[in-house]
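Comments concern the structure below.
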Amino acid sequence: MKSYQVVDFGKPLELREYKNPEPKGKEILVKISACGVCHSDLHLADGYFDLGDGNRITLADRGTKLPFTPGHEITGTVVALGEEAKNIEIGDSGIVFPWIGCGSCEACVEGNETLCEAPKYLGARLDGGYSDHIIVPDGRYLVSYGDMDPATAAPYACSGLTAFSALKKIPLASANDWIVIIGAGGVGINGILLSSTVHEAKVLVIDNDPEKREKALEAGANKAFSPDDKDAIRDVVGIGAKAAIDFVGRPETTDFGLSLVKKGGIVIVVGLYGGSLKLSLPLVPMRSITLKGSYVGELRELKELVEIIKQGNTKLIPVKKQALETANEAMLDLRAGKVNGRIVLVPN
Numbered sequence: 009m010k011s012y013q014v015v016d017f018g019k020p021l022e023l024r025e026y027k028n029p030e031p032k033g034k035e036i037l038v039k040i041s042a043c044g045v046c047h048s049d050l051h052l053a054d055g056y057f058d059l060g061d062g063n064r065i066t067l068a069d070r071g072t073k074l075p076f077t078p079g080h081e082i083t084g085t086v087v088a089l090g091e092e093a094k095n096i097e098i099g100d101s102g103i104v105f106p107w108i109g110c111g112s113c114e115a116c117v118e119g120n121e122t123l124c125e126a127p128k129y130l131g132a133r134l135d136g137g138y139s140d141h142i143i144v145p146d147g148r149y150l151v152s153y154g155d156m157d158p159a160t161a162a163p164y165a166c167s168g169l170t171a172f173s174a175l176k177k178i179p180l181a182s183a184n185d186w187i188v189i190i191g192a193g194g195v196g197i198n199g200i201l202l203s204s205t206v207h208e209a210k211v212l213v214i215d216n217d218p219e220k221r222e223k224a225l226e227a228g229a230n231k232a233f234s235p236d237d238k239d240a241i242r243d244v245v246g247i248g249a250k251a252a253i254d255f256v257g258r259p260e261t262t263d264f265g266l267s268l269v270k271k272g273g274i275v276i277v278v279g280l281y282g283g284s285l286k287l288s289l290p291l292v293p294m295r296s297i298t299l300k301g302s303y304v305g306e307l308r309e310l311k312e313l314v315e316i317i318k319q320g321n322t323k324l325i326p327v328k329k330q331a332l333e334t335a336n337e338a339m340l341d342l343r344a345g346k347v348n349g350r351i352v353l354v355p356n
């Protein structure tokens, strides 16, 4: 088994070779077909998340042990089963749901594994998809994608699921409403593409990069602006947008979102860029606004999303296939903001 691993935080990934692991109990061994490259992988490789004001939360503090294999947007085919595996067969293919909880706490029992306090996320706590094989704790985490290309399906384990779950947290928006999307990277583009599956609202996109604004319009956004175009944005949204989704997660971007929603509006923070936010507290109740976090999505939401995609009415995010051996180069391109859509690593 070939795996590109974080051996030292902040350093390039290193190729390590191991014997293929053997699944035990309910585990399954999946031969990886494709794995998307996500912004979260950059934070994971760096070994920390920036909390602002000089504070950090490190992966070491949260139980991640080196070396580990990043990558959580995984598709593949089952090649071996543990002795207790049920309702799954060798040869089954699908998207691997990576946001796995402990399985026994109240959140997990209720199907809200992203709220688990002791998660076993693939590509963060457990080895992920920058490899050619992966152990998945239970066959129920493999979601069939039908006849989709596995490289096209892979980003829906995170990029698509994250956007879809964030959209579903917005109270139903009508055709007269605006939803503001801040950041037109891979997850933001999926937010545009999937918006019409949840809401009838118009979509306004804000991004610094003119090329990404153009891609946003191609994906179906009604308007796209630079954040410097404050007057033009205000002219479009009028008294304010129904909601804003911040796919960047910087103090400036979240604050901008708060300034654009109308009374009773909601701002959903998805991005993990980092920093801390200063709020004028009296305006929160006076404007009746909601500031809400949204972290990836649940297994039931991935299944719902895949069924929507299978219907064939949704434009899919563009992907660029690269060899697994280019993992470090792919991460550098993503860090430099050179990626439109999604890079997907494909093992030989």
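Residue numbers for the sequence shown follow the numbering used here, so the first one is 9 and each next one is one higher. Ideal Cβ placement from N, Cα and C applies to all residues, glycine included.
Look at the Cβ atom of residue 162, then the Cβ atom of residue 284, and state whether they are nearer than 9 Å. Residue numbering aside, residue 162 sits at position 154 when the sequence shown is read from its first letter. Residue numbering aside, residue 284 sits at position 276 when the sequence shown is read from its first letter. For residue 162 and residue 284, no; Cβs fall outside 9 Å.
Distance CB(residue 254)-CB(residue 275) smaller than 9 Å: For the purposes of this step, residue 254 is taken as residue 246 along the sequence shown, with counting starting at 1. For the purposes of this step, residue 275 is taken as residue 267 along the sequence shown, with counting starting at 1. Remark: C-beta atoms of residue 254 and residue 275 approach each other more closely than 9 Å.
Quick check: residue 90 and residue 32, are their CB atoms within less than 9 Å of each other? Start at 1 with the first residue of the sequence shown, and residue 90 comes out as number 82. Start at 1 with the first residue of the sequence shown, and residue 32 comes out as number 24. A contact, by the Cβ cut-off of 9 Å.
What number of angstroms, rounded off, separates the C-alpha of residue 301 from the C-alpha of residue 158? Taking the first residue of the sequence shown as 1, we reach residue 301 at position 293. Taking the first residue of the sequence shown as 1, we reach residue 158 at position 150. Taking the straight line from one Cα to the other gives about 30 Å.
Around the Cβ of residue 16, are there at least 16 other Cβ atoms within 10 angstroms (buried) or fewer (exposed)? Within the sequence shown, the letter at position 8 stands for residue 16. That one is exposed.
Residue range of the unbroken alpha helix (DSSP H) whose run includes residue 159: On the sequence shown, residue 159 is found 151 positions in, with the first residue counted as 1. For residue 159, the enclosing alpha helix (DSSP H) covers residues 158-161.
Cβ contact (3+ pairs, closer than 8 Å) linking the segment 287-299 and the segment 190-207: Because the criterion of three Cβ pairs below 8 Å is not met, the segment 287-299 and the segment 190-207 do not touch.
Tell me, which residues are paired with residue 43 by DSSP? Residue numbering aside, residue 43 sits at position 35 when the sequence shown is read from its first letter. According to DSSP, which records beta bridges pairwise, residue 43 is partnered with 82 and 353.
Buried versus exposed, by CB contacts within 10 Å (16 or more), residue 256: The count along the sequence shown starts at 1 and reaches residue 256 at position 248. Residue 256 is buried by the Cβ-count criterion.
Whole-Å CB distance - residue 265 paired with residue 188, under 8 Å assumed: Within the sequence shown, residue 265 is the residue found at index 257, counting from 1. Within the sequence shown, residue 188 is the residue found at index 180, counting from 1. Right, the Cβ-Cβ distance comes to about 6 Å (below 8 Å), so this counts as a contact.
State buried or exposed for residue 64, treating a residue as buried only when at least 16 other CB atoms are found within 10 Å of its CB. Taking the sequence shown and counting its residues from 1, the one referred to as residue 64 is at position 56. Exposed, since its Cβ has fewer than 16 Cβ neighbours within 10 Å.
Buried or exposed, going by whether 16 or more other CB atoms sit within 10 Å of the CB of residue 94? Against the sequence shown, residue 94 aligns to sequence position 86. The residue is exposed, with fewer than 16 neighbouring Cβ atoms inside 10 Å.
Specify the secondary structure class of residue 245 as computed by DSSP and reduced to three states. Here the question's residue 245 lines up with position 237 in the sequence shown. Note: residue 245 maps to helix in three-state DSSP.
Note down the Cα distance separating residue 259 from residue 316, rounded to an integer number of angstroms. Taking the sequence shown and counting its residues from 1, one reaches residue 259 at position 251. Taking the sequence shown and counting its residues from 1, one reaches residue 316 at position 308. Residue 259 and residue 316: Cα-Cα distance of roughly 34 Å.
With which residues is residue 141 paired in a DSSP beta bridge? In the sequence shown, the residue the question calls residue 141 occupies position 133. In DSSP, residue 141 forms a bridge with 39.
Which residue spans inside the segment 319-352 form an unbroken alpha helix (DSSP H) run of at least 4? Here the runs fully enclosed are 335-343.
Select from 262, 241 and 75 the residue whose C-alpha is nearest the C-alpha of residue 131. Taking the first residue of the sequence shown as position 1, residue 131 is located at position 123. Residue 131 has its Cα closest to that of 75, out of 262, 241 and 75.
Please check the pair residue 176 and residue 206, which I expect to be a contact at CB under 8 Å, by giving their CB distance rounded to whole angstroms. As a working note, residue 176 is residue 168 in the sequence shown. As a working note, residue 206 is residue 198 in the sequence shown. So it is a contact: roughly 6 Å between Cβ atoms.
Taking 8 Å as the limit between beta carbons, can you name the residues of its chain near residue 129, skipping five residues before and five after? Your numbering for residue 129 matches position 121 in the sequence shown. Short of 8 Å from the beta carbon of residue 129, and not among the five residues preceding or following it, lie these beta carbons of its own chain, in chain order: 80, 106, 107 and 108.
Run through the DSSP bridge pairs and tell me what residue 63 is partnered with. Position 55 of the sequence shown, counted from the first residue, corresponds to residue 63. Checking the DSSP bridge columns, you'll see residue 63 partnered with 60.
Have a look at residue 38 and residue 29 and give me their C-alpha separation to the nearest angstrom. Residue numbering aside, residue 38 sits at position 30 when the sequence shown is read from its first letter. Residue numbering aside, residue 29 sits at position 21 when the sequence shown is read from its first letter. In a straight line, the C-alpha of residue 38 is about 10 Å away from that of residue 29.
Mind checking residue 66: buried by the 16 CB within 10 Å criterion, or exposed? Here residue 66 refers to the residue found at position 58 of the sequence shown. Taking all protein chains in view, the Cβ of residue 66 is surrounded by fewer than 16 other Cβ atoms within 10 Å, so the residue is classified as exposed.
What do you get for residue 221, buried or exposed, if any count of 16 or more other CB atoms within 10 angstroms of its CB means buried? Walking along the sequence shown from the start, residue 221 turns up at place 213. Its Cβ being crowded by 16 or more others within 10 Å, residue 221 is buried.
Around the C-beta of residue 332, are 16 or more other C-beta atoms found within 10 angstroms, so that it is buried, or is it exposed? Counted from its first residue, the sequence shown places residue 332 at position 324. Result: buried.
Does DSSP put residue 177 in a helix, in a strand, or in coil? By one-based count along the sequence shown, residue 177 stands at place 169. For residue 177, the three-state secondary structure derived from DSSP is coil.
By Cβ distance below 8 Å, which residues in the same chain neighbour residue 87 in space, the five residues on each side in sequence not counted? Counting from one through the sequence shown, the residue named residue 87 turns up at place 79. Taking C-beta separations shorter than 8 Å and ignoring five residues to either side along the sequence, the partners of residue 87 in its chain run 37, 38, 39, 98 and 141, following chain order.
Taking residue 223 as part of the alpha helix (DSSP H), name the residues at either end of that continuous run. One-based indexing of the sequence shown puts residue 223 at position 215. That run of the alpha helix (DSSP H) goes 218-227.
Who are the Cβ neighbours of residue 85 in its own chain at under 6 Å, not counting the five residues just before and after it? By 1-based counting over the sequence shown, the position of residue 85 is 77. Apart from sequence neighbours up to five positions away, the residues of its chain that approach residue 85 with a beta-carbon distance below 6 Å are 39 and 101, ordered along the chain.
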